[in-house]
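Per our numbering, the very first residue in the sequence shown carries number 2; after that it's consecutive. Each remark here refers to the structure printed beneath this line.
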Amino acid sequence: MATHTASLFSIATGSSDPIYRQLIEQVRRLIAATVLKPGDVLPSVRDVALTLAVNPMTVSKAYNMMETEGLLSRARGVGMLVAESKSPQGKENLLRPSLERAAAEARQLELDNETVLALFAKILGETK
């Protein structure tokens with residue numbers, strides 16, 4: 002059972018996504034990448050709030066939503082743990098929302114599929 006620090010998280014203050022959503026998405030990605038494993042202890046609400054300079058209620062909301070979703074479980078005296086996965090969420094499913102937004106923008110710009118796919122392939126090559 003590994004214990005993680007609040008520095009595990011970061012927020013993009015200029016993002017249109019609310020902070021609690023950013024935290025949830027980060028936990029999903031960290032679980033999918035196996036950085037966070039079942040039984041790992043997440044940092045306390047207070048530690049995350051202090052590190053990120055956000056309202057503790059925002060962090061608490063994110064943790065509660067992840068508990069409801071089954072990503073986290075509460076352990077008395079320990080805090081929030083990464084829950085045992087019932088149905089692992091594929092890495093592809095985590096990328097899907099971003100790609101759907103990009104596809105919608107491409108349609109609005111009336112770009113053809115070949116142009117969009119070529120651009121995506123080029124970007125993938127640039128980020129290696």
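Yeah, the Cβ is synthetic: ideal placement off N, Cα and C, and Gly gets one too. If you're wondering where the values come from, they're calculated on a predicted model, not measured in any experiment.
Listed in chain order, the non-local C-beta contacts of residue 85 below 7 Å within the same chain comprise 39, local neighbours out to five positions each way being set aside. The DSSP-derived three-state label of residue 54 is coil. A straight line joining the alpha-carbon of residue 116 with that of residue 107 spans about 9 Å. By the 16-neighbour rule on beta-carbons within 10 angstroms, residue 63 is buried.
Burial is judged here by how many other beta carbons sit within 10 angstroms of a residue's own beta carbon; residue 60 has at least 16 and is buried. In the DSSP secondary-structure assignment, residue 80 is bridged to 76. With respect to residue 55, residue 79 sits apart: the two C-beta atoms are not nearer than 8 Å.
One thing to note: residue 23 has its Cβ within 8 Å of the Cβ of residue 16.
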